[in-house]
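K.L.:
Residue numbers (this note's numbering): 615 to 1275.
Glycine included, each C-beta is placed from N, C-alpha and C at the ideal position.
Treat the numbers as computed from the prediction; the structure is a model and nothing was measured.
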C-alpha cells in the first residue's frame, strides 16, 4: 500500500458525519450503515498501513512523514498539517478502527429504538475521526486539535441523553475535569515550541536530544506538563473522578471511550512523546508516570470491589488498567505500555458490550445493578461465555490476552521498583476478585428480581461479542516472550523508540514470576468464588464485604473524592465566584454609579460655567463693542462744520502739547 494515502483514514468517518448531519439524519438505518461503512474502509486502509510497515521494517529515525496541507508560515518554514506513520501509529490505527467497527455494528441493535439514532451515529463517526486524526498527526498542533475534538465528542456522547440530569451533569464533569489536565498539556506544548522552535515530532525530538544534557530540569518540567494532559484524558489520580460518571452515556459510548478513543489518547500521548520523557538519564518524569499509575491502579481496584452497578465496576476496572499502562510506560518502555493498551482495548470493549447485552436482555436500560440479575448464564449463554472470556483476559489468566501484557508490566516493575511491583501484584489480585464477584453474582444462582425476564440479545449485538472474544483470547500472543515478543520488536521501529524498546524486546521470560502472577489471579478468583459463588447472595444487604465496616463504606463512596473536591475545589470556586459577584455588585457597580453621579455634577457645573461665565464674557465683549460702536457712531454726523471743529480742536491740543513739552 502507498502510505501517501493514509491521510484518508480519518476522512471517511468525517465524510460519514457530514453526510448524516446534512443529508441522512431522517433515515435511521442508512445513517448507521454509512457510519459502519466508513469505519470499515478506514479499517481496511489501517490494515494496509500495518501490512506495509511489517514488510518494510521502517527506520526509527526516519519514519514516513507526508505533508497534506501547508497552513500558516512560521518563521522560515510553514506549519504543515500532515501524517506521521510508524509502528506506533499503525498499532493505534488497528485498535481504533477494528474495535470501533465492532462497537458501531453492536450499536445498531443497542440504539435501535432511540429517537436520535442518526445523531448518535453522526457523533460516533466524529469521535472516530478525532481519534484517528490525533493518532496520525505529524505535529503537536494537529495532535492538539484532535485531542480537543476527542474531548468535545466525549461531552456530546456522555450527555447524549441530555434530558436526564445525571447524564448532562456527567458530560459537564468530564469536560471540565479533563480541561484541567489540558491546561498543563497546552503549557507543555508552548514550552516545547519556545525551546525547540519546532512543532513537528521529527525535528522537535532531534532538538530535544541536543537540549537535554544542558537543561535537565526544563526537560522534566515539559514532560510533566505534557503528562498532565494524559492524567486528565486517561483518568489518572487525581483527575480520575470523571470516568465513573461517564457511564451515564449509552453503553456503546462507554465501550468506545474505555477501549479505543478517549482514555487511550492519554496513554498514546505518553508513548508518542516518550523521547521527551526519556531524554534525561534517570528519567525523573517517567518515575512520576510510574507512581501516578501505581496509585491509580490500586486505588481504582479497591473501589471496584465495592461497586454494585455493572458499568461502574467496569469503569473502575478501566481506571485501574490505565494505571497499569502508565506503570508499563514508566518502568518499562513504550512496547510494554502500548501492548497492554492494545490487549485491553479488545477485552474491555468486550466487557462493556457484554454489560450492555446484559442490560438489553434484562430490560434494565439504566446502569444494571448486578444484584437485580442472577441466573443469566442460562438465559443469555452467548453473553455469558463471551463475558467470561473478557473477564479471564482482564484477570490475567493464561493464555488470554491480558496475561501476556500484564505479565510484562509486572516483570518490568519487579526489575525497576519492588514497591511498585507489589502494588501492581495487589492490583492483579483485586482485579480478579471484583470481576469474578460480578460474574458469580450476575450470571450464577437464581434470578433475584422476578420482574426481569432475561433473554439473549439479537445477533447484531452478539456477533461483535464473539469477534472481540476471539481477539481477547489470541491477540496477546503477538507479544508473548515464548514467541520472541514480536510486538516489542515491531514497536521498536517507532520514532525515537529503538533504544528504549530494545531492552524490553529481549527480556528473558521469568517463569517464576509468570507462575506467581497466575497464582495471585487464581487466588482472587478463588476468594470471589468462596464469597459469592459457593454461597448464594440474595441482595446487596447480604454482601460479605459489609463486614469490612467503615472501609467498605468508604469504598462505596469512592473514597470520598467527589465529596472532598466538592468541599474544597468546587466550594472554593463557588466562594470565589460569589466574592467576585459581590465585588462586582457592590464595589464595581458602586464605583460606576458614583462615576455617573459625578458626571452629572460635573455636567451641571460645566453647563453653569458655560451659561454664566463663558456666555457672560462673550456677551460682555459684545455689549462693550456695541456701546463703543454706538458712541463712535455719534461722532459721524455727516456735517462739515462738525468735522472742521474737530480738526480745530485737534490743532489746538497739538499746539498745547508742543508748547508744554
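Are the beta-carbon atoms belonging to residue 763 and residue 863 less than 8 Å from one another?
P.N.:
Your numbering for residue 763 matches position 149 in the chain shown. Your numbering for residue 863 matches position 249 in the chain shown. Not closer than 8 Å, so no.
K.L.:
Hey, could you find the ends of the alpha helix (DSSP H) residue 820 is sitting in?
P.N.:
As a working note, residue 820 is residue 206 in the chain shown. That run of the alpha helix (DSSP H) goes 815 to 825.
K.L.:
Is it right to say residue 1254 is buried, meaning 16 or more other beta carbons lie within 10 angstroms of its own, or is it exposed?
P.N.:
If you number the chain shown from 1, residue 1254 lands on position 640. So residue 1254 ends up on the exposed side.
K.L.:
In three-state DSSP terms, what is residue 559?
P.N.:
Residue 559 lies beyond the range of the chain shown here (615 to 1275); nothing can be said about it.
K.L.:
Nearest to residue 843 by CA position, among 1139, 885, 867 and 873, is which residue?
P.N.:
Stepping through the chain shown from its first residue, residue 843 is reached at position 229. The option with the nearest alpha carbon to residue 843 is 885.
K.L.:
Determine the closest residue to residue 1030 out of 1092, 1016, 818 and 944, with distance taken between C-alpha atoms.
P.N.:
Walking along the chain shown from the start, residue 1030 turns up at place 416. If we check each option's Cα against that of residue 1030, 944 comes out closest.
K.L.:
Using the C-alpha atoms, what's the distance from residue 824 back to residue 968?
P.N.:
As a working note, residue 968 is residue 354 in the chain shown. As a working note, residue 824 is residue 210 in the chain shown. Each residue's alpha carbon lies about 50 Å from the other.
K.L.:
Does residue 735 come out as helix, strand or coil in the three-state DSSP assignment?
P.N.:
Reading the chain shown from its first residue, position 121 is the one you call residue 735. If DSSP states are grouped into helix, strand and coil, residue 735 belongs with the helices.
K.L.:
In terms of DSSP beta bridges, what is residue 678 paired with?
P.N.:
Your numbering for residue 678 matches position 64 in the chain shown. Residue 678 is bridged to 699.
K.L.:
Between residue 814 and residue 804, what straight-line distance do the alpha-carbon atoms span, to the nearest angstrom?
P.N.:
Counting from one through the chain shown, the residue named residue 814 turns up at place 200. Counting from one through the chain shown, the residue named residue 804 turns up at place 190. Distance between the alpha carbons of residue 814 and residue 804 is about 13 Å.
K.L.:
Just the C-alpha distance for residue 624 and residue 1061, rounded to the nearest angstrom, thanks.
P.N.:
Counting from one through the chain shown, the residue named residue 624 turns up at place 10. Counting from one through the chain shown, the residue named residue 1061 turns up at place 447. Computed Cα separation, rounded: 45 Å.
K.L.:
Among 881, 1204, 1155 and 711, which one has its Cα closest to the Cα of residue 840?
P.N.:
Translated into positions along the chain shown, residue 840 becomes position 226. Nearest option by C-alpha distance: 881.
K.L.:
Just verifying my parser: in three-state terms, what is the DSSP assignment at residue 983?
P.N.:
Position 369 of the chain shown, counted from the first residue, corresponds to residue 983. The answer is strand: DSSP assigns residue 983 an E or B state.
K.L.:
Could you pull out every residue in the same chain whose Cβ sits closer than 7 Å to the Cβ of residue 648, ignoring the five residues on either side in sequence?
P.N.:
As a working mapping, residue 648 is identified with position 34 in the chain shown. Same-chain partners within the cutoff: 630, 633, 634 and 638.
K.L.:
If residue 734 sits next to residue 728, beta carbons under 8 Å apart, how far is it from one beta carbon to the other, in whole angstroms?
P.N.:
To locate residue 734, count along the chain shown from 1; it is residue 120. To locate residue 728, count along the chain shown from 1; it is residue 114. 6 Å between Cβ atoms; contact.
K.L.:
With a Cβ-Cβ cutoff of 8 Å, do residue 989 and residue 1070 count as a contact?
P.N.:
Position 375 of the chain shown, counting from 1, holds the residue named residue 989. Position 456 of the chain shown, counting from 1, holds the residue named residue 1070. No, the pair does not count as a contact, with Cβ atoms beyond the cut-off.
K.L.:
At which residues does the alpha helix (DSSP H) containing residue 1054 begin and terminate?
P.N.:
The count along the chain shown starts at 1 and reaches residue 1054 at position 440. Where residue 1054 is concerned, the enclosing alpha helix (DSSP H) stretches over 1032 to 1057.
K.L.:
Decide yes or no for the touch test of the region 1072 to 1080 against the region 942 to 960: beta carbon pairs closer than 8 Å, at least 3 of them.
P.N.:
At 8 Å Cβ cutoff, the stretches do not touch.
K.L.:
Does the Cβ of residue 1196 have 16 or more other Cβ atoms within 10 Å, making it buried, or fewer, making it exposed?
P.N.:
Here residue 1196 refers to the residue found at position 582 when the chain shown is read from its first residue. Under this definition residue 1196 is an exposed residue.
K.L.:
Indicate whether residue 1008 and residue 961 have their beta-carbon atoms separated by less than 8 Å.
P.N.:
Along the chain shown, one-based indexing puts residue 1008 at 394. Along the chain shown, one-based indexing puts residue 961 at 347. A contact, by the Cβ cut-off of 8 Å.
K.L.:
Please determine, among 802, 942, 1198 and 1143, the residue with the shortest C-alpha to C-alpha distance to residue 1059.
P.N.:
Within the chain shown, the letter at position 445 stands for residue 1059. The shortest Cα separation from residue 1059 among 802, 942, 1198 and 1143 belongs to 1143.
K.L.:
Reducing DSSP to helix, strand and coil, say where residue 1117 ends up.
P.N.:
For the purposes of this step, residue 1117 is taken as residue 503 along the chain shown, with counting starting at 1. Interpretation of residue 1117 is limited by its pLDDT of 48, a score under 50 that renders its predicted location unreliable; no figure is taken from the coordinates.
K.L.:
Where does residue 1211 land, buried or exposed, given buried means 16+ other C-beta within 10 angstroms?
P.N.:
Residue mapping note: residue 1211 aligns to position 597 of the chain shown, counting from 1. Under this definition residue 1211 is an exposed residue.
K.L.:
What's the C-alpha gap between residue 710 and residue 845?
P.N.:
By one-based count along the chain shown, residue 710 stands at place 96. By one-based count along the chain shown, residue 845 stands at place 231. The straight-line gap from Cα to Cα measures roughly 20 Å.
K.L.:
Contact check, residue 682 vs residue 696 under 8 Å by CB: the rounded distance?
P.N.:
The sequence position of residue 682 within the chain shown is 68, counting from 1. The sequence position of residue 696 within the chain shown is 82, counting from 1. Between residue 696 and residue 682 the Cβ distance is about 5 Å, and since that is below 8 Å, they are a contact.
K.L.:
Look at residue 1105 and residue 677 and say whether their C-beta atoms are less than 8 Å apart.
P.N.:
Within the chain shown, numbered from 1, the residue matching residue 1105 stands at position 491. Within the chain shown, numbered from 1, the residue matching residue 677 stands at position 63. Taking 8 Å as the Cβ cut-off, residue 1105 and residue 677 do not qualify as a contacting pair.
K.L.:
Return the chain-ordered list of same chain residues with a C-beta closer than 8 Å to the C-beta of residue 1286, the five sequence neighbours on each side being excluded.
P.N.:
Residue 1286 lies beyond the residue range present for the chain, which begins at 615 and ends at 1275; the question has no answer from this structure.
K.L.:
Determine, using beta carbons only, whether residue 1008 comes closer than 8 Å to chain C.
P.N.:
Checking the listed chains, one finds no chain C in this structure; it contains a single protein chain.
K.L.:
Measure the alpha-carbon distance for residue 933 versus residue 651 and round it to whole angstroms.
P.N.:
Against the chain shown, residue 933 aligns to sequence position 319. Against the chain shown, residue 651 aligns to sequence position 37. Roughly 31 Å between the two C-alpha positions.
K.L.:
CB residue 765 to CB residue 747, shorter than 8 Å?
P.N.:
Along the chain shown, one-based indexing puts residue 765 at 151. Along the chain shown, one-based indexing puts residue 747 at 133. No, these two residues do not count as a Cβ contact at 8 Å.
K.L.:
Report the option in 660, 693, 941 and 1103 whose CA atom is closest to the CA atom of residue 811.
P.N.:
As a first step, residue 811 is located in the chain shown; it is residue number 197 there, counting from the start. The candidate whose alpha carbon is nearest that of residue 811 is 693.
K.L.:
Give every residue of the same chain whose Cβ lies closer than 7 Å to the Cβ of residue 713, excluding the five residues on either side of it in the sequence, and list them in chain order.
P.N.:
Within the chain shown, numbered from 1, the residue matching residue 713 stands at position 99. 873, 874, 959, 960 and 963.
K.L.:
For a minimum of 4 consecutive residues, which ranges assigned as the alpha helix (DSSP H) are wholly contained in the region 951 to 1016?
P.N.:
List check, alpha helix (DSSP H) in window: 990 to 993 and 995 to 1009.
K.L.:
Just verifying my parser: in three-state terms, what is the DSSP assignment at residue 1237?
P.N.:
The sequence position of residue 1237 within the chain shown is 623, counting from 1. The answer is helix: DSSP assigns residue 1237 an H, G or I state.
K.L.:
Give the range of the alpha helix (DSSP H) segment to which residue 859 is assigned.
P.N.:
Residue mapping note: residue 859 aligns to position 245 of the chain shown, counting from 1. That run of the alpha helix (DSSP H) goes 856 to 859.
K.L.:
If you draw a straight line from the alpha carbon of residue 939 to that of residue 1205, how long is it in whole angstroms?
P.N.:
One-based indexing of the chain shown puts residue 939 at position 325. One-based indexing of the chain shown puts residue 1205 at position 591. Straight-line Cα distance between these residues: approximately 56 Å.
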